[in-house]
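Student: Right, I'll just put the structure down here and ask away after.
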Amino acid sequence: MTAPDNWRKSSYSDGGDGNDCVEIANTPTHIAIRDSKTPASATLTFPAGAFTTFIGALKTTHSTVTDFARFRG
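The sequence shown maps to residues 5 to 77 in the working numbering.
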C-alpha cells in the first residue's frame with residue numbers, strides 16, 4: 005500500500021489545543037490511523053472492512069477514539 009497523503013484529524017479528537025489527536029487517512033482499499041503527536045512513527049493500517057471491526061472493539065473497551073489515544077500514550 006502506498007502511504008496516504010490525505011491525513012485528517014478524527015472528529016472524536018480532543019478539542020483543546022489539539023495535542024490529543026488521532027489522524028485518519030484512507031485509500032480506495034485501506035484505512036490508516038496515526039498519533040498526531042508523532043506522525044513519523046508507525047501507523048496502523050487496515051483493509052477497509054477490518055477497520056470497522058477494530059472500531060467496534062474499541063467501543064467496547066473505550067468510549068471514544070480520544071480515550072484510545074490517551075490509552076496509547
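From the three backbone atoms N, C-alpha and C, an ideal C-beta is built for every residue, glycine too. These numbers were taken from a predicted model, which means no experiment stands behind them.
Do histidine 34 and alanine 46 have their CB atoms nearer than 8 Å?
Tutor: If you number the sequence shown from 1, residue 34 lands on position 30. If you number the sequence shown from 1, residue 46 lands on position 42. Going by C-beta atoms, histidine 34 is not nearer than 8 Å to alanine 46.
Student: For the candidate residues Thr31, Cys25, Ile59, whose alpha-carbon lies nearest to that of arginine 38?
Tutor: Residue mapping note: residue 38 aligns to position 34 of the sequence shown, counting from 1. Comparing Cα positions, the closest option is Cys25.
Student: On the criterion of 16 or more Cβ atoms from any shown chain inside 10 Å, does alanine 44 qualify as buried, or is it exposed?
Tutor: Taking the sequence shown and counting its residues from 1, the one referred to as residue 44 is at position 40. It is exposed - the Cβ of alanine 44 has fewer than 16 other Cβ atoms within 10 Å.
Student: Does the distance from the C-beta atom of alanine 54 to that of proline 8 stay below 8 Å?
Tutor: Here residue 54 corresponds to residue number 50 of the sequence shown, with the count starting at 1. Here residue 8 corresponds to residue number 4 of the sequence shown, with the count starting at 1. Against a cut-off of 8 Å, the Cβ pair of proline 8 and alanine 54 comes out as no contact.
Student: Closest to asparagine 30 by CA distance: which of Thr49, Ser40, Lys41, Thr42 is it?
Tutor: Within the sequence shown, residue 30 is the residue found at index 26, counting from 1. Checked all of Thr49, Ser40, Lys41, Thr42; the closest Cα to asparagine 30 is Thr49.
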